[in-house]
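Novice: Sequence order for the protein chains is R and X.
Position one of the first sequence corresponds to residue 1 (full-length UniProt numbering), numbered consecutively onward.
Position one of the second sequence corresponds to residue 1 (full-length UniProt numbering), numbered consecutively onward.
Backbone N, C-alpha and C define an ideal beta-carbon position, used for all residues, glycine too.
Protein chains: 2
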Amino acid sequence: MQSPVNNPSVRIACSSCNLRELCLPVDLDGHEMQQLDALTSLKRTFRRGEYLYRSGEAFRALYAIRTGFFKTQALHEDGREQVTGFQMPGEIIGLDAICSDAHSCDAVALEDSEICEIPFDRLEELSRELPNLQRHLHKIMSREIVRDHGIMMLLGSMRAEERLAAFLLNLSQRFSARGYSPNAFHLRMTRQEIGSYLGLKLETVSRTLSSFQEHGLLSVRVREVEIMDMLRLRSFVVGA
Amino acid sequence: MQSPVNNPSVRIACSSCNLRELCLPVDLDGHEMQQLDALTSLKRTFRRGEYLYRSGEAFRALYAIRTGFFKTQALHEDGREQVTGFQMPGEIIGLDAICSDAHSCDAVALEDSEICEIPFDRLEELSRELPNLQRHLHKIMSREIVRDHGIMMLLGSMRAEERLAAFLLNLSQRFSARGYSPNAFHLRMTRQEIGSYLGLKLETVSRTLSSFQEHGLLSVRVREVEIMDMLRLRSFVVGA
DNA sequence: CGGAGAGTTGAGAAACCTCAAAGCAGGTGG
DNA sequence: CCACCTGCTTTGAGGTTTCTCAACTCTCCG
Numbered sequence: 001m002q003s004p005v006n007n008p009s010v011r012i013a014c015s016s017c018n019l020r021e022l023c024l025p026v027d028l029d030g031h032e033m034q035q036l037d038a039l040t041s042l043k044r045t046f047r048r049g050e051y052l053y054r055s056g057e058a059f060r061a062l063y064a065i066r067t068g069f070f071k072t073q074a075l076h077e078d079g080r081e082q083v084t085g086f087q088m089p090g091e092i093i094g095l096d097a098i099c100s101d102a103h104s105c106d107a108v109a110l111e112d113s114e115i116c117e118i119p120f121d122r123l124e125e126l127s128r129e130l131p132n133l134q135r136h137l138h139k140i141m142s143r144e145i146v147r148d149h150g151i152m153m154l155l156g157s158m159r160a161e162e163r164l165a166a167f168l169l170n171l172s173q174r175f176s177a178r179g180y181s182p183n184a185f186h187l188r189m190t191r192q193e194i195g196s197y198l199g200l201k202l203e204t205v206s207r208t209l210s211s212f213q214e215h216g217l218l219s220v221r222v223r224e225v226e227i228m229d230m231l232r233l234r235s236f237v238v239g240a
Numbered sequence: 001m002q003s004p005v006n007n008p009s010v011r012i013a014c015s016s017c018n019l020r021e022l023c024l025p026v027d028l029d030g031h032e033m034q035q036l037d038a039l040t041s042l043k044r045t046f047r048r049g050e051y052l053y054r055s056g057e058a059f060r061a062l063y064a065i066r067t068g069f070f071k072t073q074a075l076h077e078d079g080r081e082q083v084t085g086f087q088m089p090g091e092i093i094g095l096d097a098i099c100s101d102a103h104s105c106d107a108v109a110l111e112d113s114e115i116c117e118i119p120f121d122r123l124e125e126l127s128r129e130l131p132n133l134q135r136h137l138h139k140i141m142s143r144e145i146v147r148d149h150g151i152m153m154l155l156g157s158m159r160a161e162e163r164l165a166a167f168l169l170n171l172s173q174r175f176s177a178r179g180y181s182p183n184a185f186h187l188r189m190t191r192q193e194i195g196s197y198l199g200l201k202l203e204t205v206s207r208t209l210s211s212f213q214e215h216g217l218l219s220v221r222v223r224e225v226e227i228m229d230m231l232r233l234r235s236f237v238v239g240a
């Protein structure tokens with residue numbers, strides 16, 4: 001993922017990384033911002049396919065994605081694994097590890113990526129001093145919970161077409177918020193990964209995309225998606 | 001739900017309510033505990049069917065369930081609603097409201113219940129002073145995220161039998177942690193509500209329960225469940 | 001005792017999955 | 001630079017699971 005063309009949300013981010021998730025701006029003055037920057041100075045890069053962390057590893061830090069694209073996946077006891085999310089620049093991952101001091105899922109780079117490490121001890125420390133930061137951290141965690149509820153709803157009560165429409169619209173909206181086109185984008189993940197995330201088999205994902213294309217909702221060429229009829233796509237999700 | 005017969009986890013809870021979720025004990029000394037107690041002194045009771053809060057209401061406080069049983073449900077834009085969780089004594093609800101300062105789901109009492117209100121401003125304030133409490137709050141939120149991932153996995157990759165087995169084992173484990181029998185318990189929710197939570201129709205829930213009974217895994221009489229073969233029930237969830 | 005909500009059960013339909021085969025794209029090594 | 005190989009994607013046919021619609025029963029209250 002290249003740098004956004006023109007994105008006001010990104011401009012207000014702290015200089016070293018996007019600690020704040022987009023749409024959740026935090027109110028910090030210059031000095032406070034410096035402290036936050038100092039906290040988030042450790043950066044690392046990952047090649048496509050590399051693991052940022054694995055299930056079971058000790059928890060030390062949260063990670064803010066600076067550039068690139070990740071997926072997180074949880075493994076079942078019986079070996080089945082399920083993608084629990086796709087993460088874009090500006091988003092925070094690792095929150096699920098706090099409760100047990102160990103990561104409960106894997107995070108894998110879907111393309112060459114750069115992240116910014118946020119030592120959790122020090123984040124907690126700093127957030128005791130900066131109530132704005134404290135509240136912001138709570139909001140990020142709460143937002144993750146709400147997001148998960150949305151996915152539960154999708155998995156529990158939507159049909160394949162609705163799930164895929166919701167998925168594409170969500171991607172579109174997130175790309176758009178980062179200054180990219182909401183109508184045309186590149187999928188970083190395989191059909192299998194999309195299916196895993198949406199509770200569908202890869203063949204169903206492929207068939208449904210083809211069907212969307214036949215009906216003129218969008219055009220797909222392998223991983224290149226162009227949404228042609230945003231309104232009709234939206235009507236899949238909202239209405240029955 | 002009556003008071004537990006003999007439950008060590010509850011004994012270490014603060015006196016006025018179970019702020020800590022079970023299995024996540026917090027390390028506070030006497031004075032700190034007093035401060036926490038002062039925070040959580042407001043109690044309220046609810047009759048079966050009453051709403052603790054509704055989607056859209058302003059967010060002011062978290063709620064610890066002291067006695068009783070709740071469900072939380074999210075409403076779709078199109079009117080569909082989905083149960084996102086069932087809550088028992090000692091559990092905290094309302095975390096999803098932090099991110100937007102408004103509740104994003106309804107909380108409904110499934111039986112006469114008593115809760116303890118925790119004003120969030122003051123909880124944040126106190127957790128700035130007490131690092132142990134701060135970490136504990138973060139763990140509670142993180143635990144909610146992990147729980148939700150578990151449900152996503154259930155919804156995305158399990159069949160009806162597996163989902164129901166997982167659901168019953170989860171209830172059993174939670175009752176057990178509260179000092180009740182893990183083998184025999186009363187369901188507080190309807191088939192419809194179970195189905196909504198598990199992404200199934202009520203008829204499928206009913207049929208699957210009947211099938212479990214036929215196979216000698218458990219006995220069901222409407223809402224009274226007795227698990228007869230815990231191991232075989234477990235094998236549904238772990239194995240293929 | 002009657003009514004309303006909850007639960008059970010059956011039959012047929014719909015959605016999605018499984019298995020299989022073939023086409024495509026991108027990377028690697030000759 | 002091309003050919004090949006591997007992994008990803010598409011499409012088809014048939015099977016399973018779950019849903020839908022419907023009728024009936026049960027249980028709990030008033």
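Indicate whether ALA107 (chain X) and TYR180 (chain X) have their beta-carbon atoms separated by less than 8 angstroms.
Specialist: In the second sequence, residue 107 (chain X) corresponds to position 107, counting from 1. In the second sequence, residue 180 (chain X) corresponds to position 180, counting from 1. In this structure, TYR180 (chain X) does not lie closer than 8 angstroms to ALA107 (chain X) by Cβ.
Novice: Cutting at 8 angstroms between CB atoms, please list the residues of its own chain near GLY68 (chain R), excluding the five before and the five after it.
Specialist: Position 68 of the first sequence, counted from the start, is the residue given in the question as residue 68 (chain R). The answer, listed in chain order, is MET1, PHE46, PRO89, ALA109, LEU110, GLU111, ASP112, SER113, GLU114 and ILE115.
Novice: For a test of the three-state rule: what should DSSP assign to SER210 (chain R), helix, strand or coil?
Specialist: Counting from one through the first sequence, the residue named residue 210 (chain R) turns up at place 210. DSSP places SER210 (chain R) in helix when its eight states are reduced to three.
Novice: May I have a chain-ordered list of the alpha helix (DSSP H) segments no shorter than 4 residues that lie completely inside the UniProt domain "Cyclic nucleotide-binding" (24–98) of chain X?
Specialist: Runs found: 30–39.
Novice: Going by the C-beta, is ALA102 (chain X) closer than 7 angstroms to any heavy atom of the ligand MG?
Specialist: Within the structure as shown, the ligand MG is missing, as the structure has no ligands at all.
Novice: For MET189 (chain X), which residues in chain R fall below 8 angstroms Cβ to Cβ?
Specialist: By one-based count along the second sequence, residue 189 (chain X) stands at place 189. Within chain R, no residue comes near MET189 (chain X); the closest Cβ sits about 15 angstroms away, beyond 8 angstroms.
Novice: Is DSSP giving PRO131 (chain X) helix, strand or coil here?
Specialist: For the purposes of this step, residue 131 (chain X) is taken as the residue at position 131 of the second sequence. Looking at PRO131 (chain X) - three-state DSSP - the assignment turns out to be helix.
Novice: Cα separation between VAL225 (chain X) and LEU154 (chain X)?
Specialist: Along the second sequence, one-based indexing puts residue 225 (chain X) at 225. Along the second sequence, one-based indexing puts residue 154 (chain X) at 154. Approximately 21 angstroms between the Cα atoms of the pair.
Novice: Just to confirm the assignment, what range does the beta strand (DSSP E) spanning LEU187 (chain R) have?
Specialist: As a working mapping, residue 187 (chain R) is identified with position 187 in the first sequence. Run containing LEU187 (chain R): none; DSSP gives neither H nor E here.
Novice: I'd like to know if ILE98 (chain R) contacts chain X, where contact means its C-beta is closer than 8 angstroms to some C-beta of that chain.
Specialist: Counting from one through the first sequence, the residue named residue 98 (chain R) turns up at place 98. Answer yes: the Cβ-Cβ gap between ILE98 (chain R) and chain X drops below 8 angstroms somewhere.
Novice: Would you identify the three-state DSSP class for LEU217 (chain R), choosing helix, strand or coil?
Specialist: Against the first sequence, residue 217 (chain R) aligns to sequence position 217. Residue state, collapsed to three classes: coil.
Novice: Between LEU164 (chain X) and ASN132 (chain R), what straight-line distance do the alpha-carbon atoms span, to the nearest angstrom?
Specialist: Your numbering for residue 164 (chain X) matches position 164 in the second sequence. Your numbering for residue 132 (chain R) matches position 132 in the first sequence. So the alpha carbons of these two residues sit roughly 43 angstroms apart.
Novice: Where does ASP27 (chain X) land, buried or exposed, given buried means 16+ other C-beta within 10 angstroms?
Specialist: Here residue 27 (chain X) refers to the residue found at position 27 when the second sequence is read from its first residue. Under this definition ASP27 (chain X) is an exposed residue.
Novice: Cβ of PRO119 (chain X) within 8 angstroms of Cβ of ALA74 (chain X)?
Specialist: On the second sequence, position 119 is the one that residue 119 (chain X) refers to. On the second sequence, position 74 is the one that residue 74 (chain X) refers to. Result no, Cβ atoms of PRO119 (chain X) and ALA74 (chain X) do not sit closer than 8 angstroms.
Novice: Run down chain X in chain order and give the residues with a C-beta less than 8 angstroms from the C-beta of GLU124 (chain R).
Specialist: Sequence index remark: in the first sequence, residue 124 (chain R) carries index 124 (1-based). The contacting residues are PRO131, GLN134, ARG135 and HIS138.
Novice: Across the segment 96–106 of chain X and the segment 197–212 of chain X, are there enough close Cβ pairs to call them in contact, namely three or more that are closer than 8 angstroms?
Specialist: No, the segment 96–106 of chain X does not touch the segment 197–212 of chain X.
Novice: Can you pull out the residues from the segment 137–157 of chain X whose beta carbon lies closer than 7 angstroms to at least one beta carbon of chain R?
Specialist: Flagged, chain order: HIS138, LYS139, MET141, SER142, ARG143, GLU144, ILE145, VAL146, ASP148, HIS149, ILE151, MET152, MET153, LEU155, GLY156 and SER157.
Novice: Against SER235 (chain X), what residues of chain R qualify as contacts under a CB-to-CB distance less than 8 angstroms, listed in chain order?
Specialist: For the purposes of this step, residue 235 (chain X) is taken as the residue at position 235 of the second sequence. Near SER235 (chain X) there are no residues of chain R at all, since even the closest Cβ is about 10 angstroms away, more than 8 angstroms.
Novice: Out of R:SER127, R:THR40 and R:TYR197, point me to the one whose CA is closest to HIS138 (chain R)'s CA.
Specialist: By one-based count along the first sequence, residue 138 (chain R) stands at place 138. Per the Cα distances, R:SER127.
Novice: According to DSSP, is LEU22 (chain X) part of a helix, a strand, or is it coil?
Specialist: Within the second sequence, the letter at position 22 stands for residue 22 (chain X). In this prediction, LEU22 (chain X) scores a pLDDT of 44, lower than 50, which makes its location untrustworthy; no coordinate-derived value is stated.
Novice: Can you tell me the Cα-Cα spacing of ASP148 (chain X) and MET152 (chain R), whole angstroms?
Specialist: Counting from 1 along the second sequence, the entry for residue 148 (chain X) is found at position 148. Counting from 1 along the first sequence, the entry for residue 152 (chain R) is found at position 152. Their backbone Cα atoms lie some 8 angstroms apart in a straight line.
Novice: Taking beta-carbon pairs under 8 angstroms, can you tell me which members of the segment 161–187 of chain R lie near chain X?
Specialist: Those residues of the segment 161–187 of chain R that come within reach of chain X (Cβ to Cβ, closer than 8 angstroms) do not exist; the list is empty.
Novice: To the nearest angstrom, how far is the alpha carbon of GLU162 (chain R) from that of ARG191 (chain X)?
Specialist: Your numbering for residue 162 (chain R) matches position 162 in the first sequence. Your numbering for residue 191 (chain X) matches position 191 in the second sequence. Cα-Cα distance, rounded: 25 angstroms.
Novice: I'd like to know whether the C-beta atoms of GLY156 (chain X) and GLN82 (chain R) end up nearer to each other than 8 angstroms.
Specialist: Translated into the one-based positions of the second sequence, residue 156 (chain X) becomes position 156. Translated into the one-based positions of the first sequence, residue 82 (chain R) becomes position 82. Yes.
Novice: Quick check on ALA74 (chain X) - is its C-beta less than 8 angstroms from some C-beta in chain R?
Specialist: By 1-based counting over the second sequence, the position of residue 74 (chain X) is 74. So, interface residue.
Novice: Give me the chain X residues within the contact set of GLN82 (chain R), using Cβ-Cβ distance strictly less than 8 angstroms, ordered along the chain.
Specialist: Stepping through the first sequence from its first residue, residue 82 (chain R) is reached at position 82. The answer, in chain order, is MET152, MET153, GLY156 and SER157.
Novice: Helix, strand or coil for LEU233 (chain R) per DSSP?
Specialist: Numbered from its first residue, the first sequence carries residue 233 (chain R) at position 233. Residue state, collapsed to three classes: helix.
Novice: Quick one: does LEU36 (chain X) have its CB under 8 angstroms from some CB of chain R?
Specialist: As a first step, residue 36 (chain X) is located in the second sequence; it is residue number 36 there, counting from the start. So no, LEU36 (chain X) is outside the interface.
Novice: Could you name the residues of chain R that GLY199 (chain X) contacts, counting a contact when the two beta carbons are closer than 7 angstroms?
Specialist: Sequence index remark: in the second sequence, residue 199 (chain X) carries index 199 (1-based). Near GLY199 (chain X) (Cβ distances below 7 angstroms), the residues of chain R are LEU155, GLY156 and SER157.
Novice: Where does ASP112 (chain R) fall in DSSP's three states?
Specialist: Residue mapping note: residue 112 (chain R) aligns to position 112 of the first sequence, counting from 1. In the structure shown, ASP112 (chain R) sits in coil (DSSP, three-state: anything other than H, G, I, E or B).
Novice: Check the Cβ of residue 254 (chain X) against every Cβ in chain R and list those closer than 9 angstroms, keeping chain order.
Specialist: Residue numbering for chain X in the displayed model covers 1 to 240; residue 254 (chain X) lies beyond these limits and cannot be assessed.
Novice: Give the interface partners of LEU95 (chain X) over in chain R, defined as CB-CB distance under 7 angstroms, in chain order.
Specialist: As a first step, residue 95 (chain X) must be located in the second sequence, where it is residue number 95. Neighbours of LEU95 (chain X) on chain R, chain order: SER142 and ILE145.
Novice: Could you check if LEU36 (chain R) is buried or exposed, using at least 16 other CB atoms within 10 Å of its CB as the buried criterion?
Specialist: Your numbering for residue 36 (chain R) matches position 36 in the first sequence. Looking at its Cβ environment, which holds 16 or more other Cβ atoms inside 10 Å, LEU36 (chain R) is buried.
Novice: Tell me whether VAL146 (chain R) sits in a helix, a strand or coil according to DSSP, three-state version.
Specialist: To locate residue 146 (chain R), count along the first sequence from 1; it is residue 146. If DSSP states are grouped into helix, strand and coil, VAL146 (chain R) belongs with the helices.
Novice: Count the other CB atoms within 10 Å of the CB of GLY199 (chain R); is the residue buried (16 or more) or exposed (fewer)?
Specialist: Your numbering for residue 199 (chain R) matches position 199 in the first sequence. GLY199 (chain R) should be labelled buried.
Novice: With DSSP as the reference, label ASP121 (chain R) as helix, strand or coil.
Specialist: Translated into the one-based positions of the first sequence, residue 121 (chain R) becomes position 121. Helix.
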